[in-house]
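Chains as they are written, first to last, in our numbering: chain A, 6 to 323; chain B, 16 to 346. Have a look at the structure below, then the notes.
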């Protein structure tokens, strides 16, 4: 098997892990095992998989509350992820972060953020630190199209450009600013143009295609590491589910989801695997292996004890 | 012999920053105009020249500045970021309240935010309503953030040093009306103190007054006048508000049983209310109703004579002292 085919398979496995994790989370949420707001990234998996594949261990990565895929793609163990959402002691934050605000710096994932543009300023500092500690660390901050309309993101785009900071701004444009079409909330719906106007390289690309994302991310990482200033990548994608679990999605256009499902990451990756010569049986085998692994992980997480309430007052201060 | 330098308040801040930048290689200092210009109040003058690119100017982007502090602190730096006016923290409260304060707690200590936010606040003649607020209560209502509010050159030096060595994110709230004050002896080579603590500025058994920030000077003046009438007032200055030195306050009240709290901030929801509540919870019997002296619940007018009529004055503080000392009866 060629090196490229190996990579296609590895990417497919990562896409599947995220997709199946999210589907299992939805089941657990509807069953009441997981409580509270849950924001799934179903349909947006190719961005995390492609981008994380070009990061080094010392690099920084920040996402929003739609961040399970980013955490998994960065290498946060799936059992700890399930456990966190389930409020278990074994959760990556022992239940303190939950679905929408978990963090795992020990795995290179510097956290979700439930303020849509809240992490972009933090990424600036992470990027700056690499100038002083000899790591040449880069920082990735991923956020949605809606976050482009928060002032903190504009401040960060300018700040990064002014100081040529090694930041990759990843805008996952799924067309929906939560429940509202992004094009109705901006005067210029080519969001990359806004970033470009701050004085940085910016481009729009197919955010559902892992090979495209990886190739552009490699270029971006090379460029920011070389000190050429920040890069903005607008990943065009689609959220195949609601903003949150329980979202009635009354705002959808007729046929929108049917159309989007023709171009989603798993469909594209299956096509690529077939073109590389894999049989449908082989692909199905990968999928059933992935499903079994995710189910096992959920079982392990569910079996763990709930987080202790007695230590809930600890770690406020050093 | 300790090294003693004649410094005013601004000079003491500058000396502390220089010591931190000299002794802590991970430290950074940045903010609007702090680098080459040396700060709008001249407090950071000379530091960029001495310490190079660890001291730098930023765009007027408070969210970006505070986020830069947090992100760099998460990755091993010890940043000191200046927010020129406390009023300007309000355009970037997300970074302080939603981001910085949560970093350690959510991660159970795997991540932390050892950073210092230097700012300054309070009224001064002619300052408009967006440049004269006292906002410490905002940050005291945010678990995870430490708050210091020094009013003497030595405290300015010591609290900034303690804050920068602390692993907790800390707001050090200075006051621009103090920067150019008289030069006094400041010990600049002492050991780094732990965070927390208070200072008893006047000893007395008739009444306890708790205060902080620049208004403490008026409290001291009022206490001196009260002393001329034979009323010995104990004045406690809390140069740290979080952690707060409850022990010293409660010990004093155990002797005086009479309490006045004076702050420059608006009365409603001010930290004075918290002090009175905690004293009530402590069970210490008060002989007279406790009093709060602060800015009434108004905005701050620009014209000096209008503002002066609203802020606590030596006269209004003295009246509260006399009233609290004379009301009620010992049990």
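C-beta atoms are modelled at their ideal positions from N, C-alpha and C, and glycine is treated no differently. Note that the structure is predicted; figures quoted are calculated from it, not measured.
- Taking the CA atoms as reference points, residue 336 of chain B sits about 24 Å from residue 151 of chain B.
- Contact between residue 17 of chain A and residue 291 of chain A holds, since their C-beta atoms are separated by about 6 Å, short of 8 Å.
- Cβ-Cβ separation between residue 43 of chain B and residue 74 of chain B: approximately 16 Å, too far for a contact (criterion under 8 Å).
- Bounds of the beta strand (DSSP E) holding residue 135 of chain B are 131-135.
- Excluding sequence positions up to five before and after residue 208 of chain B, its CB lies within less than 8 Å of the CB of 173, 176 and 177, all in the same chain and listed in chain order.
- In the DSSP assignment, residue 149 of chain A forms a beta bridge with A/177.
- From the listed residues B/160, B/140, B/180 and B/281, the smallest Cα separation to residue 35 of chain B is found for B/180.
- Among the CB atoms of chain A, none fall inside 7 Å of the CB of residue 35 of chain B.
- Under the DSSP definition of a beta bridge, residue 207 of chain A partners with A/237.
- Note on residue 16 of chain B: under 16 other CB atoms within 10 angstroms of its CB, so exposed under the neighbour-count rule.
- Proximity of residue 90 of chain B to chain A, defined by a Cβ-Cβ separation below 7 Å, is satisfied.
- Per DSSP, residue 309 of chain B lies in no alpha helix (DSSP H); the unbroken beta strand (DSSP E) holding it starts and ends at 306-310.
- Residues of chain A whose Cβ lies closer than 8 Å to the Cβ of residue 85 of chain B are, in chain order, 126, 127 and 130.
- For residue 69 of chain A, there is no enclosing beta strand (DSSP E), since its DSSP letter is neither H nor E.
- Not flagged as an interface residue toward chain A: residue 190 of chain B, since no C-beta distance is shorter than 7 Å.
- Looking at A/119, A/299 and A/223, the one whose alpha-carbon comes closest to that of residue 42 of chain A is A/119.
- Under the Cβ distance rule, residue 100 of chain A does not count among the residues neighbouring chain B, no pair being separated by less than 7 Å.
- Under the three-state reduction of DSSP, residue 221 of chain A is assigned to helix.
- A direct Cα-Cα distance of roughly 23 Å separates residue 108 of chain A from residue 237 of chain A.
- Within the stretch 202-236 of chain B, no residue places its CB atom closer than 7 Å to a CB of chain A.
- Non-local beta-carbon contacts of residue 154 of chain B in its own chain, meaning distances under 6 Å to residues more than five positions away in sequence, involve 160, 162 and 186 in chain order.
- Under a criterion of Cβ atoms nearer than 9 Å, the residues of chain A adjacent to residue 114 of chain B are, in order, 118, 120, 123, 124, 126 and 127.
- Look at residue 123 of chain B: its C-beta is under 7 Å from a C-beta on chain A.
- Look at the stretch 179-267 of chain B and you find these whole runs of beta strand (DSSP E), each 3 residues long or longer: 185-189, 199-202, 214-217, 222-226, 248-252 and 255-257.
- Residue environment: residue 47 of chain B is assigned as buried (16 or more neighbouring CB atoms within 10 Å of its CB, all protein chains considered).
- Nearest Cα to residue 56 of chain B within the set B/21, B/39, B/98 and B/67: B/98.
- In chain order, 163, 164 and 167 make up the part of chain A whose C-beta sits under 7 Å from the C-beta of residue 74 of chain B.
- Boundaries cannot be given for residue 171 of chain A, as no beta strand (DSSP E) includes it and DSSP labels it neither H nor E.
- When C-alpha distances from residue 273 of chain B are compared across B/281, B/291, B/260 and B/323, the shortest belongs to B/291.
- Contact between residue 83 of chain A and residue 145 of chain A fails: their C-beta atoms lie close to 21 Å from each other, not under 8 Å.
- Short of 8 Å from the beta carbon of residue 72 of chain B, and not among the five residues preceding or following it, lie these beta carbons of its own chain, in chain order: 45, 46, 47, 48, 49, 50, 51 and 52.
- Distance from residue 70 of chain A to residue 184 of chain A at the Cβ level is roughly 15 Å; contact not present, criterion being Cβ atoms closer than 8 Å.
- Within the same chain, and ignoring the five residues on either side of residue 193 of chain A in sequence, the residues whose Cβ sits closer than 7 Å to its Cβ are 199.
- By DSSP's assignment, residue 114 of chain A forms a beta bridge with A/109.
- At a cut-off of 7 Å between C-beta atoms, residue 78 of chain B counts as an interface residue with respect to chain A.
- Residue state for residue 45 of chain B is assigned as strand, using DSSP reduced to three classes.
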